[in-house]
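For reference, the structure discussed in these notes is given below.
Protein chains: 2
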Amino acid sequence: MRLISRMQNSNSIPGPSTDLLTRATDVRRASNSLGQTTDQQRSDALIGMADALEAKASVIVEANEQDIERSLGEGLNQALIARLKLNKDKLKGAIEGVRKVALLPDPLGRCHLNRELSKNLVLERITVPLGVVGVIFEARPDAVMQIASLAIRSGNGAILKGGSEALQTNEVIMETLREGLASTEISPEALSLLTTREESLALLKLDGLVDLIIPRGSNEFVRFIQDNTRIPVLGHADGICHLYVDSSADLDQALRIAIDSKTQYPAACNAIETLLVHTEVARDFFCKALPAFKKLGVTLLGDAESQSYGVEGAATERDWATEYLDTTLSIKIISGLEEAIEHIRCYGSRHTEAIVANDHQVAELFLQSVDSAGVFHNCSTRFADGFRYGFGAEVGISTQTLPPRGPVGLDGLVTYRYRLRGSGQTVADFASGQNVFSHKDLPL
Amino acid sequence: MRLISRMQNSNSIPGPSTDLLTRATDVRRASNSLGQTTDQQRSDALIGMADALEAKASVIVEANEQDIERSLGEGLNQALIARLKLNKDKLKGAIEGVRKVALLPDPLGRCHLNRELSKNLVLERITVPLGVVGVIFEARPDAVMQIASLAIRSGNGAILKGGSEALQTNEVIMETLREGLASTEISPEALSLLTTREESLALLKLDGLVDLIIPRGSNEFVRFIQDNTRIPVLGHADGICHLYVDSSADLDQALRIAIDSKTQYPAACNAIETLLVHTEVARDFFCKALPAFKKLGVTLLGDAESQSYGVEGAATERDWATEYLDTTLSIKIISGLEEAIEHIRCYGSRHTEAIVANDHQVAELFLQSVDSAGVFHNCSTRFADGFRYGFGAEVGISTQTLPPRGPVGLDGLVTYRYRLRGSGQTVADFASGQNVFSHKDLPL
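These protein sequence lines are chains G and D, in that order. Quick note, the first sequence lines up with residues 34 to 477 if you use my numbering. Quick note, the second sequence lines up with residues 34 to 477 if you use my numbering.
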């Protein structure tokens, strides 16, 4: 956030310093070698990183205590302090996470296309690393371990920039991760930590050296990044998720799902902001829902019709487009599936929407018509998550339309390359008709 | 290009007009319905489009003649006139192209992941259309037919903006395509043509209504677009492709491949700009290559060593980074594979590189180490093309690292969506341990 306000004043991003260019080039060079390593080597590297973190646990926790002390002195708010905190248990969990990523299946070297273009001219498409990812994140120091392990596992170098609050913690963690790598066949140069704000701005200008920017922070922060770099950005805009309670819904089930989708972790982007209720079941639904939400401290803001059923607050046009990120829920009574779909198209952010319905046809139409990264039937929107999808770990959730979309795991950190093996073929021979294309798919 | 110079003066892009917003919203709405259609309906729509074009062939050719006459009067250069020209034969070829796209396998509804997350909670990932693509292209009016057919086949709406030279041709073609659609189950509203420069600038600001911008033009043009929109751009930077002649190469084969890679169509992005020759075979290679290139009118610019073998011109540092797009070829003598890879990393644009070698190990190391969209062994770089890869048609070639990379066919115009079907599951039940994840992959 401070990054943004600073920028809006200066309105020009400094170019990278010689030092930064040198460091980025080092990471790039290391990533070239990393791309040639085997599954086992990369997996072992993560185990080396985890072992080193374990050995240095107390040093890391101490550094974090100093960061917290300093931040408290600087008046950092409690929510950020909570995110900054990395005690022994949280660190243990993060180290376990690194070990889990080591065990995930190799995302590299997968062949998705194997095609004979012509006799002795065979094309294959295989997954390869992106190269170097640049990650800019706020407070949470555990992100360093998570991102570094995902990057190395997928054969990518990583340049990380954390928040200044966590500076000492991040520095010790990075030093430890590099020590861990030094005992393996992966070069420690593959990981680099930026520490100044100037560097993180200049990171946006490293096209050619950095292949993907992953910003982890507020929507405003992600948009700022998108507007100021030519490097592709993996980010998410608002998470304005909807739950539609159809007239065919089991109302008890609908209420349980609504409560989970709203209150299980209201600050998450996959929590719902708006509940759409079919007019035919509105009265019955609210009979049960109003006391339940009240008990849970949920503030309800409704349209005129839902207010007539006892919703106390009034929702304005603006509410339909607001990501509350807290226990506020807007409510609209609607005439049916079509209006639900239309409302979602108009106000949704294409993140995740769910329907509760026992009418199979209605549910399938919803699943087919709503174009969000996740479209769910009879379950909570909170399932939209890399771990719950079984990806083992995630770099984030993308609300962009293009792939990678939705929760992004290791597969989102790879791209592909076409390899063509011939025996002297020229295009001129095909143009003249001397040679012909067969385009025959071979077994993968 | 005029778009760019205009922009650099004004330095601010106008917002979309109400008219443009209305039209873009119409395309978006039509694309929503288009996303629900069957393979057959979309295939039939293309046949309807092709039939209409055939019926109106003479009107289209006449409009094109008027465009050419006007452009000649305005002093348009011969190269652009040639691209603008759409005579009966070229039109016939373009219509055949539309029919071929109708026959391509459906890119939609493919299931790439089918996973039981827990009992009665099943996740699937299926391909869906992007939504609306915005295409900005120069002279060639056949692009309208090609892009429109690829867009409709993949379930996408399309907003097209062609060059003003081809205005009348483009307008008649678009009118005809929409007439063709009117006789099918696909709404003609799915296609729209922009005609003014203001509109094509405003197109860049239609985030939320347009999901992908495809600029077809010069590198400078593509960069301008990338710098001025938040919408993802499918574009390519320079095509600085290399051919490396290893010491183990069959030199006759190497020469044939070098000639094809350079001269078969020098203006293409997949033609080579630099030839790297292993020092051990340089003398022998140039003995044959120099007269052959001379005969073909290729201008050679070499480093000091290659000049000692008779290459006449001198290559400067700048040449290694230049995309000539004509029959100029820069030449460098190198010490071996490692230097070749290093040179390519330093100066290449990650488009396509090839090696000629009979040493299998050297060739495989090249295929593994060079991180370009295409890496070829013993064949011409000119094979880097959607048609030659067997994609049936292409929207362009992407030199971006992230997918879609390399030649982009119908598959590049789709994304995916996660569908989750449950039976009342909440995340709270999993958090409490009452329910557990199974993460079991099911047959696709």
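Think of the CB as a built atom: it goes at the ideal place given N, C-alpha and C, for glycine as much as any other residue.
Ile219 of chain G is outside the set of residues whose beta carbon lies under 8 angstroms from a beta carbon in chain D.
Interface residue (Cβ-Cβ distance to chain G less than 8 angstroms): Leu362 of chain D is not classified as such. In terms of Cα proximity to Leu79 of chain D, the closest of D:Ala181, D:Val408, D:Thr55 and D:Glu98 is D:Ala181.
Secondary structure note for Tyr277 of chain G: its beta strand (DSSP E) is the uninterrupted segment Cys274 to Val278. In the same chain as Gly419 of chain D, and ignoring 5 residues on each side of it, the C-beta atoms closer than 6 angstroms to its own belong to Glu427, Pro440 and Gly442, in chain order. The region 351 to 439 of chain D is shown to contain whole alpha helix (DSSP H) runs of 4 or more residues at 370 to 380 and 393 to 402, in chain order.
Beta-bridge partners of Gln297 of chain D (DSSP): none assigned. For Ile180 of chain G, there is no enclosing beta strand (DSSP E); the enclosing alpha helix (DSSP H) covers residues Asp175 to Arg186.
Each residue's CA atom was taken as its position, placing Val395 of chain G and Leu323 of chain G some 26 angstroms apart.
Distance between Arg230 of chain D and Leu446 of chain D, taken at the CA atoms: about 25 angstroms. Thr71 of chain D sits away from Gly188 of chain D, with the two beta carbons spaced by 8 angstroms or more. For Thr202 of chain D, the enclosing alpha helix (DSSP H) begins and ends at Leu200 to Ala215.
Not a single C-beta of chain D is nearer than 8 angstroms to the C-beta of Tyr380 of chain G. Within 9 angstroms of the CB of Ser465 of chain G, no CB atom of chain D is found; the nearest one sits about 10 angstroms away. When D:Val469, D:Ala88 and D:Ile377 are compared, the shortest CA-CA separation from Cys274 of chain D is found for D:Ile377.
Its chain contains Ala390, Asn391, Asp392 and Val395 as the residues whose beta carbon lies nearer than 7 angstroms to that of Ser281 of chain D, once the 5 sequence neighbours on both sides are disregarded; these appear in chain order. For Ala191 of chain G, no alpha helix (DSSP H) segment is defined; the enclosing uninterrupted segment is the beta strand (DSSP E) at Gly190 to Lys194. Contact between Arg148 of chain D and Leu475 of chain D holds: CB atoms are separated by about 6 angstroms, below the 8 angstroms threshold. Comparing C-alpha distances from Lys125 of chain D to each of D:Pro49, D:Ala90, D:Leu156 and D:Gly142 shows the shortest one belongs to D:Ala90.
Of all C-beta pairs linking the region 54 to 64 of chain G to the region 221 to 235 of chain G, three or more are shorter than 8 angstroms, placing the two stretches in contact. Contact between the region 159 to 168 of chain G and the region 213 to 221 of chain G is absent: fewer than three C-beta pairs spanning the two stretches fall below 8 angstroms. In this structure, the straight-line span from the alpha carbon of Leu239 of chain G to that of Trp353 of chain D is close to 21 angstroms. DSSP places Ser225 of chain D in the strand class (E or B) of the three-state scheme. Note that the C-beta distance between Ile246 of chain D and Thr262 of chain D is below 8 angstroms.
The beta-carbon distance between Ile292 of chain G and Thr414 of chain G, rounded to whole angstroms, is 12 angstroms. This is too long to meet the 8 angstroms contact definition. Between the region 396 to 415 of chain G and the region 450 to 459 of chain D, the count of C-beta pairs closer than 8 angstroms reaches three or more; the two stretches touch.
When the alpha-carbon of Ile367 of chain D is set against those of D:Arg61, D:Arg316 and D:Lys328, the nearest one is in D:Arg316.
At least 8 angstroms separates the beta-carbon of Val205 of chain G from that of Ile114 of chain G. CA-to-CA, the gap between Leu329 of chain D and Thr296 of chain D works out to about 8 angstroms.
Cβ-Cβ separation between Gly190 of chain D and Ala199 of chain D: approximately 21 angstroms, too far for a contact (criterion under 8 angstroms). DSSP, read as helix, strand or coil, puts Gln467 of chain D in coil. Within the same chain, Gly68, Leu141, Val447, Thr448, Tyr449 and Arg450 come within 7 angstroms of Val161 of chain D by CB-CB distance, once the 5 residues on both sides are set aside. Closest option to Val314 of chain G, judged by alpha-carbon separation, among G:Glu232, G:Arg143, G:Ala287 and G:Tyr357: G:Ala287.
Taking 8 angstroms as the CB threshold, Val408 of chain D lines the interface with chain G. With fewer than 16 other Cβ atoms from the protein chains shown falling within 10 Å of its own Cβ, Cys320 of chain G counts as exposed.
A residue is called buried when at least 16 other Cβ atoms come within 10 angstroms of its Cβ; Lys365 of chain G meets this threshold and is buried.
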